[in-house]
Amino acid sequence: MTKLDLDVDPRPIYLLLIVVIALPILSRTVLPVPVSNTTRAVYEFIENLAKTRPNSLVILSFDYSTSLVPELHPQAIVVTQQLFTLPLRVIFVAQWIDGPALTDAVLDAIDKGSKKYGVDYATLGYIPNIATLIGMTTNIQQFFPVDTLGNPTSSLPIIQQFPAGKQASLVMTFTGGEPGLDNYLQYWQTPYKIPTAVGAPAISAPGYMPFYNSQQIVGIMISMRGAAEYEFLIHQVGLSGAVSAMVAQSASLWLVAILVILGNSAYVVRKATRRGR
Amino acid sequence: MAAKRKMSRWEIILQAAIFTVGFFYAVTYYVKVSEPIDLQMVADNSLAYLTAMILTAFAIGIINLTRIHWRNIKLRRADWKFSLVLIGSLYGMAIFSIIASPFALDPRGFIIPSWLIDVISPVWNFLYYNVLVSINTSIFSLLAFFIASAAYRAFKIRTMESTILLIAGLLVIIGEAPISDLIWPGFSAIQNWIMLVPNTAGQRGILIGAALSIVAFSVRRMIRYS
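These protein sequences, in sequence, are chains A and B. In this text, residue positions in the first sequence follow this note's numbering: the first is 1, and each later residue adds one. In this text, residue positions in the second sequence follow this note's numbering: the first is 278, and each later residue adds one.
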């Protein structure tokens with residue numbers, strides 16, 4: 001078999017990639033980001049929820065590790081900020097061990113306005129197993145006797161108002177994989193019809209599309225771009241830093257596309273040349 | 278076909294336990310039994326034992342890791358300094374996390390002195406947010422370099438199938454870049470269609486196929502067919 005591999009030194013490509021990523025970030029260029037339907041669906045659901053059922057409960061689940069911070073953390077920041085500007089109650093949980101620390105980081109990054117801890121929001125922390133995830137749908141206090149600050153959950157007004165997870169009007173998971181969306185679909189959405197949304201990294205998002213098409217999830221935020229789109233929707237450009245990274249992301253994606261086209265052009269030319277000999 | 282080996286007494290007990298647990302969970306998922314005992318509740322609560330088992334495995338891992346690296350340090354084996362860093366990081370972060378973090382055992386300072394929590398808290402914050410997050414995100418972002426140098430070699434128009442894959446992949450990559458919409462709005466419309474139609478069809482096939490395979494494998498395991 002004829003060998004037609006393209007043996008190119010990757011170092012100039014690495015250098016080129018560094019340049020196309022670093023220059024836009026350093027120049028702080030901002031690009032308008034068209035809003036996708038999947039992201040708009042999440043935004044509109046939350047806005048409508050606040051209008052039609054004010055003071056409803058929203059559960060945010062931080063199901064990602066520190067390695068996925070660039071993709072999912074901006075999403076968590078913008079959605080939390082939107083929730084904190086609306087008349088909604090928020091409970092934070094996490095199916096991944098890094099989740100509680102990342103929740104604290106998100107709460108530090110946003111403007112909490114007049115929202116009070118324990119009344120408008122609470123951080124319950126890590127969900128260690130499926131039994132807890134299932135159990136908290138009917139009794140939060142039983143499975144979370146204390147919050148991450150050490151307060152008894154029975155003393156928190158938000159838990160007194162919403163003692164069961166199934167009272168939630170929306171559960172949104174920012175998920176880097178399993179455990180993540182599947183658990184909520186299986187144990188929350190299917191039995192209790194709790195509307196569910198997901199924030200996903202670009203690599204996982206295609207796998208969630210069937211659930212969006214079948215309306216099992218109300219919307220999907222995809223990667224850092226989803227957060228950038230959300231910044232425009234909530235009129236807080238620059239909040240999570242996602243918009244400022246969009247030029248760099250565009251440039252790097254186009255670079256990859258151009259390299260693929262160039263690589264294939266070289267491959268076709270080489271193949272034709274060898275056939276001609 | 279070779280005859281099945283006769284099971285020992287312990288294997289019979291184990292097989293009976295596998296069948297009973299598997300059958301119990303399959304039944305409780307589909308059949309609601311609330312009287313005389315709530316079987317769903319029993320099934321859900323029993324899952325906590327899974328966590329206990331995972332934690333045991335985790336503990337064994339930590340003990341093993343400690344033993345190996347402690348011996349490395351004790352015998353001054355090659356690269357023993359890295360073992361020292363590993364042991365220090367493992368136990369240092371664990372102790373700091375127990376004192377002052379979202380996982381703290383006593384966040385309100387009933388037993389652990391408040392001054393100690395106040396001292397450790399900024400240290401933990403620095404180690405977690407400035408060291409761990411930075412290291413992990415840096416490692417993850419290296420993927421961009423691998424993808425950039427591998428994509429043009431991997432995506433080749435060798436066959437009809439690979440050509441279709443290449444075109445679809447290129448359109449999704451270009452559609453994902455926000456700047457593409459400024460060049461031609463059709464890019465994101467095409468990407469959206471690829472994601473919602475062919476991708477969904479393929480993903481559904483994979484999901485349903487995988488689910489059926491899990492059912493088939495579980496049944497085979499329950500009746501000791503494999």
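Glycine included, each C-beta is placed from N, C-alpha and C at the ideal position. Given the structure is predicted, the values throughout are model-derived calculations rather than measurements.
Taking a cut-off of 8 angstroms on C-beta distances, the region 127-137 of chain A touches the region 187-205 of chain A, as three or more cross pairs fall below it. Residues of the region 474-500 of chain B with a C-beta atom less than 7 angstroms from some C-beta of chain A are N476, T477, Q480, R481, L484, listed in chain order. At a cut-off of 9 angstroms between C-beta atoms, A/D120 does not count as an interface residue with respect to chain B.
Boundaries around A/L255 are those of the alpha helix (DSSP H), 246-276, since no beta strand (DSSP E) includes it. CA-to-CA, the gap between A/R28 and B/M330 works out to about 50 angstroms. Cβ-Cβ separation between B/S426 and A/Y14: approximately 7 angstroms, consistent with a contact (criterion under 8 angstroms). For B/M472, the chain A residues whose C-beta falls within less than 8 angstroms of its own C-beta are A205, P206, M209, listed in chain order. Inter-residue distance for A/S240 and B/R430 is about 35 angstroms (C-alpha atoms, whole angstroms).
Between A/S250 and B/I456 a beta carbon distance of about 4 angstroms is seen, short of the 8 angstroms cut, so the two are scored as contacting. Under the Cβ distance rule, A/D63 does not count among the residues neighbouring chain B, no pair being separated by less than 9 angstroms. Secondary structure of A/R89 (DSSP, three-state): strand. The beta-bridge partner set that DSSP reports for A/L57 consists of A/R89. Taking a cut-off of 8 angstroms for Cβ pairs, the region 433-448 of chain B and the region 74-91 of chain A do not touch, as fewer than three such pairs fall below it. Close partners of A/D104 in chain B (Cβ separation under 8 angstroms): P379.
Taking C-alpha positions only, B/E453 is separated from B/N341 by approximately 45 angstroms. For B/K433, the C-beta contacts it makes with chain A under 8 angstroms involve G263, N264, Y267, in order along the chain. Listed by position along chain B, the residues whose Cβ is nearer than 7 angstroms to that of A/P10 are S426.
Under the rule that a run must span 4 or more residues, no alpha helix (DSSP H) segment is found entirely inside the region 330-355 of chain B. Here A/G125 has P100, T148 as same chain residues with Cβ atoms under 6 angstroms from its own Cβ, once five neighbours each way along the sequence are excluded. Under the three-state reduction of DSSP, A/P152 is assigned to strand. Distance from the Cα of B/L420 is smallest, within the candidate group A/A41, A/S67, A/G226, A/V268, for A/S67.
Check the Cα spacing between A/A109 and each of A/Q81, A/F92, A/I91: the tightest is with A/Q81. The Cβ of B/V400 sits no closer than 9 angstroms to any Cβ of chain A. In this structure, A/V58 lies near A/S169, with their beta-carbon atoms less than 9 angstroms apart.
Burial state of A/D104 is buried, judged by a 10 Å Cβ sphere holding 16 or more other Cβ atoms.
When Cβ-Cβ separations below 9 angstroms define contact, A/V237 makes no contact with chain B.
Inclusion of A/I25 and A/A248 in the CB contact set at 9 angstroms is warranted, their separation being smaller than that value. Taken in chain order, the complete alpha helix (DSSP H) segments of 4 or more residues contained in the region 129-189 of chain A are 130-135, 140-143, 157-161, 181-184. Annotated three-state conformation of A/Y117 is strand, per DSSP. A/V79 is a Cβ neighbour of A/F174, given a cutoff of 9 angstroms.
According to the DSSP assignment, B/I375 belongs to the alpha helix (DSSP H) that extends over 357-376. A/V69 is not a Cβ neighbour of A/A228, given a cutoff of 9 angstroms. The beta-bridge partner set that DSSP reports for A/A94 consists of A/Y126.
For B/F422, at least one C-beta of chain A is nearer than 9 angstroms to its own C-beta. Nearest in C-alpha terms to A/K115, of all of A/T132, A/P128, A/I91, is A/I91.
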